[in-house]
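*Asks:*
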Amino acid sequence: MKLKKILNKEQKKKWESLKREVLETNRALPKKGLVIETFGNASGILRFKKISLVVIKPSGVDYDSLKVEDLVTVGIDGKKLDGNLLPSVDTPHHLYIYRNLKQIGGIVHTHSLYATTWACTGRPIPVYNTTHADKFGGEIPCAPYADNRDNHIGKGIIKYRKKEVPAILLEKHGAFIFGTNAKKAIETASELEFVAKIALHYLLLCQVLNRSPKEMSKREATLWRKRHLPGGGYGQT
Ligand SMILES: [Zn+2]
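So the sequence shown is numbered by the working numbering: it starts at 4 and just counts up by one.
So this is what it looks like as structure tokens:
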């Protein structure tokens, strides 16, 4: 049955709005310097009582030529509900994350330069500065390498993610970033890239200066993060 016939007026409105947001987020990926070619994707989810709709980029389509009608809508089980193209090959990973993190509404996956450079090492990004602490509150974890069969990537993300940290690196691969919606997830993806870049430069500078890198303490990092969260004093009330 056509999805348009299943949804009521209000649900259709929300679905159309989600598609616009997912389109804008995917189109913003290369503009923000987070992807080249087609190395990344964004999705969003609507969780209605009887059905969940996941809107995601189609596989292998250029961001510049991407149109709202190209987007694919699938159910939480992966069944295609709307769209003429094939969904991103990363759809099973997005779905696995949505099934396990009920509080999130958007996911961005990138192979951005600095985050992926860190991911190559298989090591987390330690907190070296207040920018990192503000945005992530702790080290950005790195899940061990996983191939892209079955739910291997999704399982690794859920197992190794840190509860309060909205991003995770995947060894030798890239990063997955979560948010309350796709727009929030891409903001965090940019912040992750920035933080990964600073961390790399810091370590290089430490080598040049023959100094040992120093991490911020957990206590300090938590304090910075708390101040940055809603109600913590940052921004306008
Ligand atoms: Zn990937």
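Using N, Cα and C, we set each Cβ at its ideal position, and we do this for glycine too.
(1) Report yes if the CB atom of Tyr99 is closer than 8 Å to the CB atom of Gly177, and no otherwise.
(2) For Ser68, count neighbouring C-beta atoms within 10 Å of its own C-beta (all shown protein chains included) and say buried if the count is 16 or more, exposed if not.
(3) Going by the beta-carbon positions, is the gap between Leu1 and Pro61 smaller than 8 Å?
(4) Which one or two residues does DSSP pair with Cys123 in a beta bridge?
(5) Out of Thr120, Ala185 and Pro147, state which residue places its alpha-carbon closest to the alpha-carbon of Phe197.
(6) Go through the stretch 107 to 192 residue by residue and report every complete run of the beta strand (DSSP E) that reaches 3 residues or more, in order.
(7) Quick check on Lys16: does DSSP put it in helix, strand or coil?
(8) Consult DSSP for Asn213 and reduce its assignment to one of helix, strand or coil.
(9) Using a threshold of 7 Å, is the CB atom of His112 nearer than that to any non-hydrogen atom of ligand 1?
(10) Apart from the five residues just before and just after Ala1, which ones in its own chain have a Cβ nearer than 6 Å to its Cβ?
(11) Which value, in whole angstroms, describes the spacing of the CA atoms of Ser46 and Pro147?
(12) Less than 8 Å separating the beta-carbons of Gly81 and Pro95?
(13) Do the stretch 226 to 233 and the stretch 137 to 153 touch if we need at least three Cβ pairs shorter than 8 Å?
(14) Tell me which residue opens and which closes the alpha helix (DSSP H) that Lys276 is part of.
(15) Taking DSSP as the reference, what is the three-state secondary structure of Leu49?
(16) Verify whether the separation of the beta carbon atoms of Lys175 and Cys209 is less than 8 Å.
(17) Are Leu6 and Asp85 close, meaning C-beta to C-beta below 8 Å?
(18) Output needed for Phe51: all residues of its chain with C-beta closer than 7 Å, excluding positions within five of it in sequence on either side, in chain order.
(19) Tell me whether the beta-carbon of Val25 lies closer than 8 Å to the beta-carbon of Ile59.
(20) Look at the alpha carbon of Ala170 and the alpha carbon of Ala31, and state the distance between them as a whole number of angstroms.
(21) Between which two residues does the beta strand (DSSP E) containing Ile59 stretch?
*Replies:* Taking the geometry as given:
(1) Taking C-beta atoms as the reference points, Tyr99 and Gly177 fail to come closer than 8 Å.
(2) Exposed, because fewer than 16 other Cβ atoms sit within 10 Å of the Cβ of Ser68.
(3) Outside the shown range of the chain (4 to 240) lies residue 1, about which nothing can therefore be said.
(4) Cys123 pairs with nothing; no bridge assigned.
(5) For Phe197, the nearest C-alpha among the options comes from Thr120.
(6) Here the runs fully enclosed are 109 to 113, 170 to 173 and 177 to 182.
(7) In this structure, Lys16 counts as helix in the three-state DSSP scheme.
(8) The answer is coil: DSSP assigns Asn213 none of H, G, I, E or B.
(9) Relative to the non-hydrogen atoms of ligand 1, the Cβ of His112 comes within a distance shorter than 7 Å of at least one.
(10) Nothing about residue 1 can be reported from this structure: the residues present for the chain run from 4 to 240 only.
(11) One C-alpha to the other measures close to 23 Å.
(12) Yes, they are a contact pair.
(13) Because the criterion of three Cβ pairs below 8 Å is met, the stretch 226 to 233 and the stretch 137 to 153 touch.
(14) For the chain, the structure presents residues 4 to 240; residue 276 sits outside this window and is missing.
(15) Strand at Leu49.
(16) No; because the gap between Cβ atoms is not below 8 Å, this pair is not in contact.
(17) Yes, Cβ-Cβ distance for Leu6 and Asp85 is below 8 Å.
(18) Once the five neighbours on either side are set aside, the close Cβ partners of Phe51 are Gln14.
(19) Between Val25 and Ile59, the CB-CB gap stays under 8 Å.
(20) Roughly 18 Å between the two C-alpha positions.
(21) First-last of the beta strand (DSSP E) with Ile59: Ser55 to Ile59.
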